[in-house]
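If you number the sequence shown the way the UniProt record's numbering does, the last residue is 802 and the count never jumps.
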Amino acid sequence: MIKNYIKSAKRNILKNKGVYGINIIGLSLGLASCLLILLFILDEISYDRYNQKADDIVRIVFKAEIGGEEISEAVVMPPVGPTLENEFPEVVTAARLKQMNDPSLSYNNKIYRDFDFAYIDPEFLEVFDLKIIDGNNTNPLEDPNAVILTKKQAKRYFGTENPIGKRLNFEIWDKQFTVTAVIEEIPENSHFEFGMFASMNGYEYANSTSWVNSDFHTYLLLKDGAQFKNLEAKLPGIMDKYMGPQIREAVGVSYSEFKDKNRVGLFLQPLTDIHLNPDFVSSGHLKPGMDIKYLYIFGAVAIFMLFIACINFMNLATAAASKRAKEVGIRKVLGSGQKQLIKQFLTESFLATLIAAILAILLVVFFLPTFNDLAGKSLQVIDLLQFPIVLSTLALIVLVAFLAGGYPAFFLSSFKPIQVLKSRFSASGKSNFRNGLVVFQFIISAGLILATIVVYQQMAFIQNKDLGYNKDHILVLRDAQLLGEQSDAFKNQILDDSRVKSVSNSSFLPAGATDINMSGILLDDEYQRRMFIYNVDEAYIPTLGLELVAGRNFSKEFGAEEHKVIINETAANSLGFHQDPIGKTFTKDTDEGGRELTIVGVVKDFHFKSLHREIEPLILMNNPYGGLIVRTNTADVASLLSNIESEWQKFSLKEPFSYTFLDESFNKTYLREQKMGTILSIFTGLTIFVACMGLFGLVTFAAERRVREIGIRKVLGSSVPEIISLLSKDFIKLILISFIIAFPLGYFLMEQWLQDFAYRIQIKWWVFLLAGFLTTLIALITIGFKSYKAASANPIKSLRTE
């Protein structure tokens, strides 16, 4: 019996190529999109789950509101981890990580840069699954000068040599490390990524007892079954006990007075939540996270697209019912019952869905490299064999087959044979259901077009917003700090080139990765808030094109100006200097005590952080160190770089020449949003394409059903535009109805997305007009093509068949 069903299903699919062609293409695109997005989502939610104890690991974070400033950091004070391990029995062990920026090392007189390096406690290897493949596998970080490398880094430094026992020189710190072990590469789905770990026993501030300076990523391994919320409830007591006594010394008031005006606290974040909840803390991330909202968006798009393909299947099957009505009537007369007919039609649906699934897998295999480039992933074809993927694929085939074929099967099998064979059958009674499905399709399509326009606008807004500085034609030479005393000589050599406009000595950049320095600020001995400190020279403001709104720039004419500062407008307002801040003083908190600073200038606010955040108070101090920031005035950048590299080689025989461009660093800040926007645009286009395929099929059947009417109207003098209008108006009404639902819903959802940006667009009325116009235009092109063909047909042929 099953063989007969399959044979009959194959015949009907071949007989109705047009209907099944649209259905199979639509379903294959929907299934392929689902599989790609499922691969993406599974990869995102798998972060840090390679650790066998992942469910028992938490990260300690610091959150506070001090002087009106909200602080949330992924780093905490040095003693927090060891203290909690000693105080609470539910803590098995604590492990700390201290990230080091821009290190360089040498081996055999060769300098290496561009690697990620961190100090870690020896217990870090007990908390995280870092597999040792060579060397000391018991306690490789016991020695203060011990270092472990990933397999890739070991090969980079030592090639085929045995790395164990080799020594690496960190000249900038005047330290030498000995390789004690090699570990497997850290999985990509980890919230941290380092190629080298040194022993925390050798870090000079590892045993700091300060409870007021945050600098360590700290993790706790809890006992199996311990509830982290219960432990979190005990942390305020720890703050009172250990932080309290240090507050008076740090800010000059008692801890109780401090708590009356401010909120401070330690919180716990589950390890598996770190990647998908990057907004839990605003700074200190070891690796960019993924906003979980994007997973919801892509998941919804995949489901909607597949649902649209199923709607096409149902609509086209029921719309084509008149063509198969006599077949059903004859089958019933010959003895087929309703159950047998349902099985027959469901077999056709299963066969079509299976063909679509095979095509979908081929599409995934073919487009996976492109998807990886867009999403920044390294997914592989073998990932399709993961149990969740295989199970989901089989479930989707069954679900789609029943969802797409179930209603048509019951609908077609319910025909009464006498009415059908007497040609009294009409499927018009089901048109309201089909119309409802068409409306649903275009609610999704119009909503996705609206979302795509808003995302594009926001990205364009970010790219074109006045940042308060000029990011173009800026060359950054971070390694210049390694030249030491020769840095000034190298800087002067660069300035001799007429293609160089100015050069500033600083590593503090208003975009991308930069040095971060914050200090507490006191006014009249009262703690105000923390402020960002940028160490710069007198060329910083002109090089970046900042605007002075009051006072003056730093200048060597005034001698040493280490106690003079320039602040931004936000800092002036925060300190209460609303009128004339020039000459006003305040105190910068330091480890040695307070340091009084005098304001000599105010710069117009500029965006030195991401546009996700509002502009914060900033202090520029005349204490230059670090790399060089070079403003160029030539289009021939390649020639200029060649000249600078030649000068570099005169000053540094070891360090390779490296550089970045400020505008590229800026663009990387919003790379995630740009990639997600591109992916959304592609899936939106595919969704609309599938919806239009279904619309095309419905218009085709509408034209065929009204072929006699069209012929008569043409004989009576109706023009082609009038016939097109006749066939199109019902569908256009449905599309306009979809706008009424789609646009308010789309507005609400996009407003939620835009809230992640401190600086954002406002969704204007014309955005809805444009989304409606594009949706209608796409639909009209789809409808008009088939309508024109039907309207242009010879009426004699259509009337001759009646």
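All C-beta atoms in this analysis are idealised placements derived from N, C-alpha and C, irrespective of residue type, glycine included.
Keep in mind that this is a model prediction, so the values were computed, not measured.
In terms of alpha-carbon separation, which member of Gln481, Lys339 and Phe280 lies closest to serine 104?
Cα-wise, what sits closest to serine 104 is Gln481.
What residue from Asn201, Glu161, Met243 and Thr150 has the CA that sits closest to valine 76's CA?
Answer by Cα proximity: Met243.
Can you tell me the Cβ-Cβ gap for isoleucine 132 and leucine 141, rounded? I've got them flagged as a contact below 8 Å.
With a contact defined as Cβ atoms closer than 8 Å, isoleucine 132 and leucine 141 miss out at about 11 Å.
Please identify the residue among Leu235, Asn315 and Ile533 whose C-alpha is closest to the C-alpha of threonine 700.
Its Cα nearest to that of threonine 700, the residue Asn315 stands out among Leu235, Asn315 and Ile533.
Rounded separation between tyrosine 119 and methionine 100 - CA only:
Each residue's CA atom was taken as its position, placing tyrosine 119 and methionine 100 some 8 Å apart.
Would you call the CB atoms of serine 787 and leucine 749 closer than 8 Å?
Contact flag unset, no.
Going by DSSP in three states, leucine 544 sits in which element: helix, strand or coil?
Reduced to three states, the DSSP call for leucine 544 is helix.
With distances taken Cα to Cα, identify the nearest neighbour of arginine 49 among Leu769, Asp605 and His275.
Checking every option, the nearest Cα to that of arginine 49 belongs to His275.
Taking 8 Å as the cut-off, decide whether the C-beta atoms of glycine 376 and lysine 675 are in contact.
Their beta carbons are under 8 Å apart, which means glycine 376 touches lysine 675 by this criterion.
When DSSP labels each residue in this structure, what does serine 610 get in the three-state scheme?
If DSSP states are grouped into helix, strand and coil, serine 610 belongs with coil.
Can the beta-carbon of valine 91 be found closer than 8 Å to that of leucine 268?
The Cβ atoms of valine 91 and leucine 268 do not sit closer than 8 Å to each other.
Complete alpha helix (DSSP H) runs within the region 125-212 (minimum length 4 residues, chain order):
Complete alpha helix (DSSP H) runs here, min 4: 151-158.
Among the residues of its own chain, which have a CB less than 8 Å from the CB of serine 210, if the five just before and after it don't count?
Non-local beta-carbon contacts of serine 210 in its own chain, meaning distances under 8 Å to residues more than five positions away in sequence, involve Met77, Pro78, Pro79 and Gln246 in chain order.
When you compare only the Cα positions, how much space is there between isoleucine 449 and glutamate 204?
Cα atoms of isoleucine 449 and glutamate 204: separation of roughly 56 Å, rounded to the nearest angstrom.
What are the start and end residues of the beta strand (DSSP E) that includes asparagine 568?
Run containing asparagine 568: 564-568, per the beta strand (DSSP E) assignment.
Glutamate 123: CB within 7 Å of a non-hydrogen atom of the ligand ATP:
The ligand ATP is absent from the structure shown, which contains no ligands of any kind.
The region 569-576 touching the region 617-629, judged by at least three CB pairs closer than 8 Å:
Yes, they touch.
Enumerate in chain order the residues of its own chain whose CB-to-CB distance from glutamine 441 is below 7 Å, with the five nearest sequence positions on each side excluded.
The beta carbon of glutamine 441 sits closer than 7 Å to those of Ile308, Ile311, Ala691 and Gly694, all from its chain and outside the five residues before and after it, given in chain order.
Reducing DSSP to helix, strand and coil, say where lysine 223 ends up.
Residue state, collapsed to three classes: coil.
By how many angstroms is the C-alpha of asparagine 667 removed from the C-alpha of glutamine 463?
Distance between the alpha carbons of glutamine 463 and asparagine 667 is about 8 Å.
Could you check the C-alpha separation between alanine 742 and isoleucine 444 for me, to the nearest Å?
Distance between alanine 742 and isoleucine 444, taken at the CA atoms: about 7 Å.
C-beta contact flag for serine 487 and threonine 543 at 8 Å
No, they are not a contact pair.
Among the candidates Glu184, Phe651 and Asn643, whose CA atom is the shortest distance from the CA of leucine 483?
Ranking Glu184, Phe651 and Asn643 by Cα distance to leucine 483 puts Phe651 first.
Taking the CB atoms as reference points, tell me whether glycine 784 and isoleucine 723 lie closer together than 8 Å.
With a cutoff of 8 Å on beta-carbon distance, glycine 784 and isoleucine 723 are scored as not near each other.
Beta-carbon gap between lysine 465 and tyrosine 759 smaller than 8 Å:
Yes, they are a contact pair.
Ends of the beta strand (DSSP E) at asparagine 86?
Segment 80-87 is the alpha helix (DSSP H) holding asparagine 86; no beta strand (DSSP E) there.
Boundaries (first-last residue) of the alpha helix (DSSP H) holding phenylalanine 666
Unbroken alpha helix (DSSP H) run through phenylalanine 666: 662-669.
Put valine 630 into one of helix, strand or coil per three-state DSSP.
Valine 630: strand per DSSP, three-state reduction.
Would the region 633-649 and the region 558-570 be scored as touching if the rule is three or more Cβ pairs under 8 Å?
Fewer than three Cβ pairs drawn from the region 633-649 and the region 558-570 lie within less than 8 Å of each other, which leaves the two stretches out of contact.
Host alpha helix (DSSP H) of proline 270 (start-end):
If you look at proline 270, you'll find it isn't in any alpha helix (DSSP H); it sits in the beta strand (DSSP E) that goes 263-270.
Between the region 80-90 and the region 256-263, do three or more beta carbon pairs fall short of 8 Å?
Touching, no, given that fewer than three Cβ pairs across the two stretches are closer than 8 Å.
Is the Cβ of phenylalanine 773 closer than 8 Å to any Cβ of chain D?
Note that chain D does not occur in the displayed structure, where there is just one protein chain.
Do you know whose CA, among Thr393, Asp56 and Ala181, lies nearest glycine 225's CA?
Nearest neighbour of glycine 225 by Cα position, chosen from Thr393, Asp56 and Ala181, turns out to be Asp56.
Near proline 187, what residues of its chain come up, given a Cβ to Cβ distance below 6 Å and the 5 sequence neighbours on each side ignored?
The residues are Tyr50.
Buried versus exposed, by CB contacts within 10 Å (16 or more), valine 381:
The residue is exposed, with fewer than 16 neighbouring Cβ atoms inside 10 Å.
With 16 as the cutoff for other CB atoms within 10 Å, does tyrosine 219 come out buried or exposed?
When all chains shown are included, tyrosine 219 counts as buried.
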